[in-house]
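Residue numbers (the working numbering), protein chains in the order written: chain U, 1 to 369; chain A, 370 to 738. Yeah, the Cβ is synthetic: ideal placement off N, Cα and C, and Gly gets one too. Worksheet: the structure to be examined is printed underneath.
Number of protein chains: 2
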Amino acid sequence: MIGPRYTSLIAELPATVPFVGPETQERERGAQFLARIGANENVFGPSPRAVQAMVEAARDIWKYGDPENYDLKQALAKYHDVPAENIVVGEGIDGLLGYLVRLLVSKGTPVVTSLGAYPTFNYHVTGFGGELCTVPYVDDAEDPEALIELASQKAAPLIYLANPDNPMGTWHGADTVQAMIDAVPEGSLLCLDEAYIEFAPVDTAPSLDVNNTRVIRFRTFSKAYGMAGMRIGYGIGDKSLIRAFDKIRNHFGVSRIAQAAALAALEDQSYLEEIQTKVKKARETIRSIATENGLDSLPSATNFVAVDCGGDSAYAKAVLQGLIERGVFVRMPLVAPQSRCIRISAGTDEDLDLLKETLPLVLDTVKLE
Amino acid sequence: MIGPRYTSLIAELPATVPFVGPETQERERGAQFLARIGANENVFGPSPRAVQAMVEAARDIWKYGDPENYDLKQALAKYHDVPAENIVVGEGIDGLLGYLVRLLVSKGTPVVTSLGAYPTFNYHVTGFGGELCTVPYVDDAEDPEALIELASQKAAPLIYLANPDNPMGTWHGADTVQAMIDAVPEGSLLCLDEAYIEFAPVDTAPSLDVNNTRVIRFRTFSKAYGMAGMRIGYGIGDKSLIRAFDKIRNHFGVSRIAQAAALAALEDQSYLEEIQTKVKKARETIRSIATENGLDSLPSATNFVAVDCGGDSAYAKAVLQGLIERGVFVRMPLVAPQSRCIRISAGTDEDLDLLKETLPLVLDTVKLE
């Protein structure tokens, strides 16, 4: 039997995984992690009101979710003061990135991003046959001007910027990002991934302009709202672009329980403020631990901190490995020179106590040569 | 501003929705439905153990779900007595159908299905540029021989069969389906959608043969397991085909809470048996109500019954509309001659009491001319 006839694009694609999950590593280690501070999850969890909404939705889970995500879109529209027709709700930003790429990218389409930026975006671009064109980070930050310049050169229909950035935690102010939006070449679209925006200083996000056809903004309930495992996020953009998602999205794809939980989470803004305070404190603790160990760390507008291990990629990898072996799950950037760092998510006090205890032990065994 | 440059495929696609959700209809009516028996949801809901699993998972929802769906795949492997490497877990059959179509279909690819079969499959095929080639139903059942013949003529890499069928509820026995699998042309793949299989007689599903590269089987937790709103289903097939999903699937797409709930639901087989009994009784009640009103109904191996309204599409539509206006949500097949029927899902006793009360009133107002 010759097997199925895959499309030519699929036949050439490797089977890849943007990230190995911590559960996979736990199975390999034969032990659970003691601190799970590697995937930028929000260890403080969701609002109790969101949990209550989940419990209530559990009983009604026999019903499909509303394919229009109506109630949530109405609440988001009110929250952001934009019309509901400018919002698309989807299966996390990961899911929405997949749809966006599918709208704009086919075989050979040039797509511009930063070298070492979000791998899942790259995974989707490659998966639809696009050609990744990259710009290096400058001083551990994405480079808006260079991204625009390359997009212009390549006539790329899609440009990716995460602000704040993942994996470095750095950010640009609203003015810089607005200048980038204004400079997007005619016929191009800026995918502005603001997954971490709720952790950033107030002047980080440019104001929303839903009539601007050159940018789509993505937000999520995975990070500040503490529900990475729920799979729900949203995009805000020009209404004709938002309508285009209806051509291809899995209309019933956002689960009923996710819609209910997101709505309740959004309504509990005082809990969000508590989270912001806790994350800020945890970031400071991580930076202190780094300092105590003679390591630099990067300022961060996210719920994680990039700690510069002071050596090369191999050295950072050894530090990372040492932490993992001792039960501390962390990750690291994949591309040099950012890969001299490890990336540590804001943990609970217990998580960071363990980090504080473990990091010097690891550094002792992993000597800089 | 000229706006984003969509791919040529996307530019040509209409914005369509495979199904309008009942919530949309409720918003249009300005009132909730009194009986929700139109979307083949399982009104009896999930196992209490699944609900308990959801409540427990709610607290941990800050963690991403395991991208390998390991625990659930292990349990499914044991349940079906197949290796875990032959199973892919995804965001409901709808999500998995999207991935499967993406693997095999590009612009102009012929795909074979029955005229009037599952619209969401068609939505995906059209969405990836495929060309739908259809075979009519025969006696309200899909026609395996004709599907194979057309696939052979068209050299179609993908053939769709739902067994039991939706929207008619009819089914073929295991021998017929196995003969169809055996006749799948070299290089073609049969997508065997068994969403309703748990409601069917025991000799409906051919035995699983994971070495057969000509078929992939899809199952779901949306129907018999009562969790349509959770978005979790799975495929069983040849391991190289299963691995191909890893090239394109949203690895973190299946929510943590869905994985936990599905695992608990699978482990509660005695609850599943209760559901099977309740659904069987509800089917009989629906058929009795039809008979009392002088209407024929089709035998069903699903959790719904197609009731023949005895006229044409317009007449069935008027009956459907009358029920909807009186708060009874039902749906109907979209293509003649199946569209002479309305499709009624197995409801609770209260749901079916309301149907029993309402149907004669509707038939009185909607006279056959």
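C-alpha of L689/A to C-alpha of V546/A: approximately 32 Å in a straight line.
Comparing alpha carbon positions, the residue from A228/U, A77/U, G90/U closest to F245/U is G90/U.
In chain U, no part has a C-beta under 9 Å from the C-beta of P554/A; the shortest such distance is about 10 Å. Contact residues of the stretch 676–710 of chain A toward chain U are absent (C-beta to C-beta distance below 7 Å). Between Y603/A and T671/A, the CB-CB gap reaches or exceeds 8 Å. Going by C-alpha positions, L632/A is about 24 Å away from D66/U. L115/U and L147/U have their C-alpha atoms some 11 Å from each other. DSSP places P479/A in the uninterrupted beta strand (DSSP E) bounded by 479–483.
Flagged as an interface residue toward chain A: V17/U, by a C-beta distance shorter than 8 Å. Residue contact check for I566/A against chain U: no CB pair falls below 8 Å.
By the Cβ criterion, the stretch 351–359 of chain U is not in contact with the stretch 170–187 of chain U, since fewer than three pairs of Cβ atoms, one from each stretch, lie closer than 8 Å. Chain U places a beta carbon closer than 8 Å to that of W431/A, counting this residue as a contact.
For the stretch 512–534 of chain A, the set of positions with a beta-carbon nearer than 7 Å to some beta-carbon of chain U reads P526 in chain order. Under the 10 Å beta carbon count, S207/U is surrounded by fewer than 16 other beta carbons and is classified as exposed. I10/U has no beta-bridge partner at all, per DSSP. Shown here, L465/A sits in a helix according to DSSP, grouped into three states.
The residue from G680/A, A426/A, K686/A with its alpha-carbon nearest to that of Q628/A is A426/A.
For S609/A, the chain U residues whose Cβ falls inside 7 Å of its Cβ are G3, in order along the chain.
DSSP, read as helix, strand or coil, puts T170/U in coil. Beyond the five residues adjoining it in sequence on each side, I61/U comes within less than 7 Å, by CB distance, of R256, I257 in the same chain, given in chain order. The stretch 207–220 of chain U makes contact with the stretch 182–198 of chain U; the number of CB pairs closer than 8 Å reaches 3 or more. Residues of the same chain with a CB within less than 6 Å of the CB of A200/U, apart from the 5 flanking positions on each side, are P164, W171, A301 in chain order.
Beta-bridge partners of I711/A (DSSP): V676/A.
When only Cα atoms are considered, V254/U and I379/A end up about 22 Å apart. In this structure, L466/A lies away from V480/A, with their beta-carbon atoms at least 8 Å apart. A distance of 8 Å or more separates the beta carbons of L190/U and L150/U. For L558/A, the chain U residues whose C-beta falls within less than 9 Å of its own C-beta are G3, P4, R5, listed in chain order. The stretch 43–56 of chain U and the stretch 134–146 of chain U do not touch, with fewer than 3 CB-CB distances between them shorter than 8 Å. Secondary structure at Y234/U: strand, using DSSP grouped into helix, strand and coil. Pairing A687/A with V735/A, the inter-Cα distance amounts to about 7 Å. Under the 8 Å criterion on CB atoms, I550/A is classed as non-interfacial with respect to chain U. By the neighbour-count definition (other C-beta atoms within 10 Å, threshold 16), D203/U is an exposed residue. By the Cβ test, the stretch 388–397 of chain A is not in contact with the stretch 707–720 of chain A, since fewer than three Cβ pairs between them sit closer than 8 Å. Within the stretch 171–211 of chain U, the beta strand (DSSP E) runs of at least 3 residues that lie entirely inside it are, in chain order, 189–193.
If you check each beta-carbon in the stretch 459–470 of chain A against every beta-carbon of chain U, the ones closer than 8 Å belong to E460, G461, D463, G464, G467. L703/A is classed as exposed because its beta carbon has fewer than 16 other beta carbons within 10 Å across all chains shown.
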